[in-house]
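Numbered according to mature numbering (1 follows the signal peptide of the UniProt record, and there is no 0), the sequence shown spans residues -26 to -1, 1 to 157.
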Amino acid sequence: MKVPFLYLIFAVLVASILLHISPTSAQNSPGDFLAAHNKARRAVGVGRMRWNNKVAKYARDYGNKIKGGCDFKHSGGPYGENLAFGRPDITGTRSVQLWVDEKKKYNCKKNECIGGFEECGHYTQLVWSRSVRLGCARVVCNGNKGTIVICNYDPPGNVRGQRPYKCPNILANSLDKFLHYNE
C-alpha cells in the first residue's frame, strides 16, 4: 500500500513540531513556581506563599531589562530576590530545586550558612516565614546566550539577626511521632 505524498509530508511536519515543543514549558508556570516553593516551606513548617501579580511584574520587567546583555546581577529593588542562570536553558522548577539544595549548608541551630551567606542565602530567602507573596519570571537572553530565572519575595527575607523559621525540636518531633504512631 502506497502512502500518499501529502500524508508523508504532514507526518514529517507534525513530528518536527513535536520535537521542537519545549518539554519544560510546564515547569515554568506560576503554579509550578508556587508548588516548588511551598513544598520546601512545608518541609520546615512554614506557611504557604501566594502568587502576586505585582511582584511577578517586577520580576518580569527586571528580566526584560537584563536579558539584552544577559546581566546576571541582582536588581537591588524592594523585594527579596533569588536568581538562577542556565546555559542554554534552565526551568523555573530546576532553579527552585537548586536553591532548596542549599538547605544542607544551613545550620538552623546557629542560624548561619556553613561557608558563608553565599552558600545558603537563596534557601533562607525561599523559606523565610515572613515572605508570603511570590512573583517569578524566566527570560531567555538575547542571542540565546542563556536563561535567567528571577523570583522576588515580599516582604523581603534574609534580615540580619532574624531566623528564616523556627528550628524544629527534633526530640519533641520524634516523641510526638512515637506517641501518635498508631493513630
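Using N, Cα and C, we set each Cβ at its ideal position, and we do this for glycine too.
Asked, Found
"V113 vs G37 beta-carbon contact at 8 Å", "yes"
"Whole-number beta carbon distance between A33 and G109, since they are thought to touch under 8 Å", "5 Å"
"At least 3 beta-carbon pairs within less than 8 Å: the stretch 41 to 58 vs the stretch 125 to 132", "yes"
"DSSP-derived helix/strand/coil call for R24", "strand"
"Opposing strand residues paired with A111 [DSSP bridges]", "I124"
"Rounded C-alpha distance that separates R22 from N118", "34 Å"
"Contact the stretch 137 to 144 vs the stretch 88 to 104: 3+ CB pairs below 8 Å", "yes"
"Simplified DSSP assignment, three categories, for Y80", "strand"
"Test item: CB-CB of K47 and C115 under 8 Å", "no"
"Closest by C-alpha distance to A10, when choosing among V70, A111, G131 and W25", "V70"
"A(-12) to D45 span [Cα, whole Å]", "Its pLDDT being 37, under 50, A(-12) is placed unreliably in this model, and the value from its coordinates should be taken loosely. So the alpha carbons of these two residues sit roughly 36 Å apart."
"Alpha-carbon to alpha-carbon, S103 and V20", "6 Å"
"Nearest residue (CA-CA) to P4, options K31, G50, V133 and E92", "K31"
"E92 to K79 span [Cα, whole Å]", "10 Å"
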